[in-house]
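A.B. asks: Provided herewith is a single structure, encoded as structure tokens, for subsequent inquiry.
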Amino acid sequence: MAELNPAGDPTLEKGPGTNGIWTFVFIDMLVFLMFFLVYLSERHRVPDIFIESQHHLTPWVALLSTVALLTSSWCVAESVHATRRGDARAVMRWLSFSLLLGGVFVINKIVEYSGKISAGISPATNSFFSFYFLITGIHFLHVCAGMIFIAHCRARASQETGQGLYLKKIENTGLFWHFVDILWLFIFPLLYLTELAR
Amino acid sequence: MMRRLSMPMRIWLLLMALTFGSVFIAEEMSGRQIVVVAIFLIAAVKAELVMDHYMEARHTQRHWLIMYFIWIIVVTLLLVGGHGWV
Chain A
269 MAELNPAGDP TLEKGPGTNG IWTFVFIDML VFLMFFLVYL SERHRVPDIF IESQHHLTPW
329 VALLSTVALL TSSWCVAESV HATRRGDARA VMRWLSFSLL LGGVFVINKI VEYSGKISAG
389 ISPATNSFFS FYFLITGIHF LHVCAGMIFI AHCRARASQE TGQGLYLKKI ENTGLFWHFV
449 DILWLFIFPL LYLTELAR
Chain B
174 MMRRLSMPMR IWLLLMALTF GSVFIAEEMS GRQIVVVAIF LIAAVKAELV MDHYMEARHT
234 QRHWLIMYFI WIIVVTLLLV GGHGWV
């Protein structure tokens, strides 16, 4: 793998990202763990409502979101490697692809929400849809935040690639983006696949 | 051929295969409780691949590697257990 701190700056933390982002992401992961716990508790209480409601979701739409996010994560990982090589053009190219795929996820999710709302489904419909809108909605906001960070890194790439601080910035952005991806890897089967499998 | 592909791309190909594999299993082998377990285990493997190869968790401080790994195990057990297993 590429050198983790090629700038050799002794003031920069060793390893990918900063301790702050690892802490922030872990706290966020614990919050989602709580969401999953309460979701399962409620599912255990009223299983029929959850099973019936899950049939209103479209796994193929969520599969497209999964492919978009995983591919976007790959692009961000490539951009981190390109930053370590000092290749600003490659950094910009990979981050552009990543933003494009993030956009696919966002549009796909907006279309999905619109379809639900036009079918008369809202967070007030039942407890399953409360969780559906809450979990996917908060995840959606994370995707939007990640895209803002990626857009910022892309805008600074031509001037800052090669600087140690920029490497930390793009590594932190990547860590956040991959975390958003990991969350979706569990949300996808939890909400969309389990009833398909029954 | 595989040597020419970058590590992130090889991981992406594996993630794609696992993603489509889990949808295939859910669709084609439905009706068995073990399928629900399988799709969550596949999700856990995918999360581990992202954590290990994209987040490079092995190169950060050891306590983060341990805690992130434990999170994946706890979430997987919770989701599998919450669907009638464990």
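Protein chains in written order, with my numbering: chain A, 269 to 466; chain B, 174 to 259.
From the three backbone atoms N, C-alpha and C, an ideal C-beta is built for every residue, glycine too.
(1) Kindly list the residues whose CB is nearer than 7 Å to the CB of residue 467(A), restricted to its own chain and excluding five residues on each side of it in sequence; keep chain order.
(2) Could you name the residues of chain B that residue 302(A) contacts, counting a contact when the two beta carbons are closer than 7 Å?
(3) Please list, in chain order, the chain A residues whose beta carbon lies closer than 9 Å to that of residue 252(B).
(4) Assuming contact is defined by CB atoms lying nearer than 7 Å, are residue 210(B) and residue 253(B) in contact in what I supplied?
(5) In chain A, which residues lie less than 7 Å from residue 213(B) when you measure between Cβ atoms?
(6) To the nearest angstrom, report how far apart residue 301(A) and residue 237(B) are at their CA atoms.
(7) Here's the rule: buried if 16 or more other CB atoms are within 10 angstroms of the residue's CB, otherwise exposed. What is residue 202(B)?
(8) Could you spell out the range, first to last residue, of the alpha helix (DSSP H) harbouring residue 440(A)?
(9) For residue 259(B), which of helix, strand or coil comes out of DSSP?
(10) Less than 6 Å between C-beta atoms, sequence neighbours within five positions excluded: which residues of the same chain meet that for residue 307(A)?
(11) My output table needs one value for residue 369(A): the three-state DSSP class, helix, strand or coil.
(12) Look at residue 464(A) and residue 199(B) and say whether their C-beta atoms are less than 7 Å apart.
(13) Closest to residue 409(A) by CA distance: which of 286(A), 284(A), 282(A), 296(A) is it?
(14) Using Cβ-Cβ distances below 9 Å, what residues of the segment 308-335 of chain A are close to chain B?
(15) Between the alpha carbons of residue 346(A) and residue 403(A), how many angstroms are there, rounded?
(16) Taking the beta carbon of residue 366(A) as the centre, do at least 16 other beta carbons fall within 10 Å, making it buried, or is it exposed?
(17) Among 389(A), 352(A), 286(A), 330(A), which residue has its Cα nearest to the Cα of residue 373(A)?
C.D. replies: The answer reads as follows:
(1) Summary: the structure shown does not reach residue 467(A), with chain A confined to residues 269 through 466, and so no result is reported for it.
(2) Under the 7 Å cutoff, chain B gives no residues; its nearest Cβ is about 11 Å from residue 302(A).
(3) 304, 308, 454, 457, 458, 462
(4) yes
(5) 457
(6) 17 Å
(7) exposed
(8) 432-455
(9) A caution first: residue 259(B) carries a pLDDT of 48, below 50, which makes its placement in the model unreliable, though a value can still be read off. In this structure, residue 259(B) counts as coil in the three-state DSSP scheme.
(10) 399
(11) helix
(12) yes
(13) 296(A)
(14) 308, 309, 311, 312, 327, 328, 331, 334, 335
(15) 29 Å
(16) buried
(17) 330(A)
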